[in-house]
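In the order they appear, the protein sequences are chains Y and V. Residue 258 in this note's numbering is what sits at position 258 of the first sequence, and the numbering runs on without skipping anything. Take the position in the second sequence, starting the count at 1, then add 1000; the result is the number in this note's numbering.
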Amino acid sequence: MIDQTTIVPAHRLVQRFPQWVAADERPGYSGFLVNPEHLVEIVRSLRDEMGYDYLSSITGVDYLPEGKLEVVYHFYKTTGGSGLNLKVQVSRKEAVVPSLVPLYSGANFQEREIWDLLGIHFVGHPDLRRILTWEGFHGHPLRKDWKEPFFEEETKPFKSRWPEGQVQRIEDKNPFKDNLQYPNEFDPETWIPHSEELLYSGLKKIKKTDDLHTDQVIINLGPQHPSTHGVFRMVVVMDGETIVDLRPVMGYLHRNHEKIAERNTFLQNMPFTDRLDYICSMSNNFGYALAVEKLMGVKPPERAEYIRVIMAELTRVMNHFIAVGFLLNDLGAFFTPVLYALEERELILDVFEEVSGSRMMCNYFRFGGLARDFPEGSEEKMRRLVFDRLPRKIDEMDEFLTKNDIILGRCEGVGVITAEQAIANSASGPVLRASGVPYDLRRADPYSIYDRFDFDVAVRFHGDIYDRYLVRMDEMRQSVRILQQAVRDLPKGPIMSGKPQYQVRVPAGESYGRVEGPKGELGFYVISTGKPNPWRYHVRAPSLINLTSLADMSRNEKIADVVTILGSIDIVLGEVDR
Amino acid sequence: MIGFGIFRGLWTTFRHLIMTYVEDLRKGKRGYYTDEGIEMRRNTDVEGIFTIQYPEEKLPVPEEFRYLPFLVYEEGENGDKDLRCTSCGICAKVCPPQCIWIVRTNDPETNKPIPQPAEFYIDVDICMSCGFCAEYCPFDAIKMDHDYEIASYDRIREHIYDIKKLSRPLSYYASIRPANFHREETARTEKEAHRAAAKKPVS
């Protein structure tokens, strides 16, 4: 099954570097295998000569039976089109790969994550520390030979749960009665924790040469903070009120979603994807369903495609309402805009509840279509929302907020990121489009039936907080436009191609399914070996990668603006930490 | 002029304030603590207050709403409960957090499995309410419930549900999910008619 990442432009790659690049011949795979020592040179020529300026995702894979670790890179062009993927293979004993951070600064957090979870060392990375687990963690969780404390069996369904099932709680099995295990030579009595020296010493301080002897203070905008959109920590160095440097620290909500997914079957993963970006569950389902459907080679029927687009666009409207509302909350308008936004969200959630059964954890999409069809009356409700209520309320939010002098004064010119910086940082979604790069996946690399709808891509050119707010308002209007066309053209028919089955047969191969989620490009990299469980499952989380730009946006801004800048990037910790 | 933007925004808030009282006067006494009042407040053309005052007023739960599963039994003539579950174990296999335990026993004489669960446990703390068990049960024996008010004080003793706590009559299922019930019953009767017609000897 040929993936979207085709081989056409990269014939040039093999011609240019014949002894270092070879096509990936494994069945179901695509892309190129690259010699690790010459990786930087090859990637530089990709970026400068062949125009692949956007590094979308870096994934690490553990092939235990072959004794290899692999790093997979997905490159795209900001002018659109399907991309290119490169792979580097190293042995498990000595996993050393050159880092791409000097070329693409967006590789920063993703390489740290691969070091943390898989143990591949990146040479040339400016700050290779653990990112999702705490700095004293022992072991690399995503390796196939690492067992979690509540380990029962390699893959689900667990035999111990049925049919001769004995009722027991999993925490009773673990000797510590909790999700805890100690490494072999560890003695909790004599261990002295080393403080976070590496983190604090990496912060830059500027040298001041005036007579006033001032100190630069390090402040933790800690994980317990009402305005950080979840458990997220920022360590800032401040000179007075101005920020000199900023480091984000995440991993407080890390649940090792990817390891859980390797134990689940493909279908059982669907409710877990709801819990990634927990506000936009339909979008996450969409991305995962697309990735697995690419592997299986099935296409959903027409009605299912239209309903998927309707759900995805309703999710986008809902998310942007929340984003705008909470941005205003961060600015200090305590909760009135939030509640105005949440009122609209409640109406959309009522639609989701009628259709899928649950407001937030929808679990509605299946491989080949949807779980169930609309019940009576919900199409009418959707019609009333889309044609009457939502356009009216978006205009009301616009009138309420856009020309407000306080917002203009606090948001214009604050938190600026230029287009080149945004592309190098792999930013996506409204953050990228507010800086002047009109890259929207629904236009650049259309998936599902988005090529049938007539809509514009929202772009603004200043790259500040105000432009991100305006891009979100524009996108809401464009989403309503798509919704009106989809609801008008919704055909009748089946909603599932093939019989619904709980043991889906997924042939061996890899696929990278990406959707334009409300926060950015949400990608799912799935590798299957033909068994009922995926071999590797990686989520390219837009919130995590957009956070690479946070430091660039916040230098020389005031401390009061950092909270607003974070609010304008619109993160959800479920996605950042997985 | 500076401040004009703020004034326009405040005008929106002020309009909502006025509309709240206008709508309240229009609704009068029947606007609160009645079903009609709840419908007026969750409609798409509400302009004023839209709060539903739980626990005195409860939002009507739509049919597809899923919370925790329950086992369906058909009531026999003598009041005996005939569980539809045959302990095939598909629900336990599809459950993503694996919260279902089933004990299946064999008939001591014929050594064939008895199509009734000897024991059936669901750990309600682990259940994600995803609905896969109900979706993939081939016998329509386990369905998703609507009741979400199940808070208790003791997790250890009360949060593993056994067969007694999980069973509910078919009439309850018909009352909470009428459209689904109707669809399944028509499918069942058609299948019975089909089977009866196939068994009829050709004369």
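All C-beta atoms, glycine included, are put in the ideal place defined by N, C-alpha and C. For clarity, every value in this text was computed on a predicted model and none was experimentally measured.
Measure the beta-carbon distance from residue 360 of chain Y to residue 278 of chain Y and round it to whole angstroms, keeping in mind my assumption that it falls under 8 Å. 6 Å
Checking 9 Å against the spacing of the C-beta atoms, do residue 473 of chain Y and residue 320 of chain Y come in under that value? yes
Can you check whether the C-beta of residue 402 of chain Y is within less than 9 Å of a C-beta belonging to chain V? yes
What does residue 1047 of chain V reach in chain Y if we use C-beta pairs closer than 7 Å? Within 7 Å Cβ-Cβ: nothing; residue 1047 of chain V doesn't reach chain Y, min ~10 Å.
Scan the stretch 134-155 of chain Y for residues whose Cβ lies nearer than 7 Å to a Cβ of chain V and list them as they occur along the chain. none
Classification of residue 1185 of chain V by the beta-carbon crowding that lies within 10 angstroms, buried from 16 upward: exposed
Under a CB-based cut-off of 9 Å, is residue 492 of chain Y close to chain V? no
Counterpart residues of residue 74 of chain Y in DSSP-defined beta bridges: Y/57, Y/85
Selected residue, minimal CA-CA separation from residue 458 of chain Y, among Y/475, Y/84, Y/550: Y/475
Taking its Cβ as the centre, do 16 or more other Cβ atoms sit within 10 Å of residue 1078 of chain V, making it buried, or is it exposed? exposed
Please state the DSSP three-state secondary structure of residue 173 of chain Y. helix
Less than 8 Å between the CB atoms is what I'm expecting for residue 436 of chain Y and residue 413 of chain Y, so what's the real figure, rounded? So it is not a contact: roughly 15 Å between Cβ atoms.
Note down, in chain order, each residue of its chain lying with its Cβ closer than 6 Å to the Cβ of residue 502 of chain Y, except the 5 sequence neighbours on either side. 267
With DSSP collapsed to three states, give me the class of residue 502 of chain Y. coil
Of all the options Y/154, Y/103, Y/465, Y/486, which has the alpha carbon lying nearest to the alpha carbon of residue 531 of chain Y? Y/154
One or two residues paired with residue 1069 of chain V in a DSSP bridge: V/1144
Helix, strand or coil at residue 220 of chain Y according to DSSP, with G and I counted as helix: strand
Report buried or exposed for residue 546 of chain Y, applying the criterion of at least 16 other Cβ atoms within 10 angstroms of its Cβ. buried
Under 9 Å, Cβ to Cβ, is there at least one residue of chain V near residue 371 of chain Y? yes
Of all the options V/1139, V/1143, V/1138, which has the alpha carbon lying nearest to the alpha carbon of residue 1130 of chain V? V/1143
Report the CB separation of residue 1062 of chain V from residue 354 of chain Y in whole angstroms; it is logged as a contact under 8 Å. 4 Å
Which of the three DSSP states is assigned to residue 4 of chain Y in this structure? Its pLDDT being 46, under 50, residue 4 of chain Y is placed unreliably by the model, and the measurement read from it follows with that caveat. Correct three-state label for residue 4 of chain Y: coil.
Locate the alpha helix (DSSP H) running through residue 281 of chain Y, then write down its first and last residues. 281-296
Cβ distance (whole Å) where residue 119 of chain Y is taken to contact residue 143 of chain Y below 8 Å: 7 Å
In the DSSP output, what is residue 248 of chain Y paired with across the bridge? Y/234
Contacts around residue 347 of chain Y, its chain only, beta-carbon distance under 8 Å, and the 5 residues preceding and following it disregarded: 385, 389
Residue 365 of chain Y in three-state terms, based on DSSP: strand
Which of helix, strand or coil does DSSP assign to residue 590 of chain Y? This structure does not reach residue 590 of chain Y, given that chain Y is present from 1 up to 578, and the question cannot be answered.
Taking beta-carbon pairs under 8 Å, can you tell me which members of the stretch 1064-1079 of chain V lie near chain Y? 1064, 1065, 1066
Between the stretch 1124-1142 of chain V and chain Y, which residues of the former have a C-beta closer than 9 Å to a C-beta of the latter? 1125, 1126, 1128, 1129, 1130, 1131, 1132, 1135, 1136
Give me the residue from Y/166, Y/372, Y/139 with the minimum Cα distance to residue 1136 of chain V. Y/372
In this structure, what does DSSP give as the bridge partners for residue 558 of chain Y? Y/242
Would you call residue 57 of chain Y buried or exposed, if buried means 16 or more other Cβ atoms sit within 10 Å of its Cβ? buried
Span of the beta strand (DSSP E), counted from its first residue to its last, around residue 98 of chain Y: 96-98
Cross-chain neighbours of residue 1022 of chain V in chain Y, by beta carbon under 8 Å: Within chain Y, no residue comes near residue 1022 of chain V; the closest Cβ sits about 17 Å away, beyond 8 Å.
Going by C-alpha distance, which of Y/79, Y/225, Y/196, Y/113 is nearest residue 440 of chain Y? Y/79
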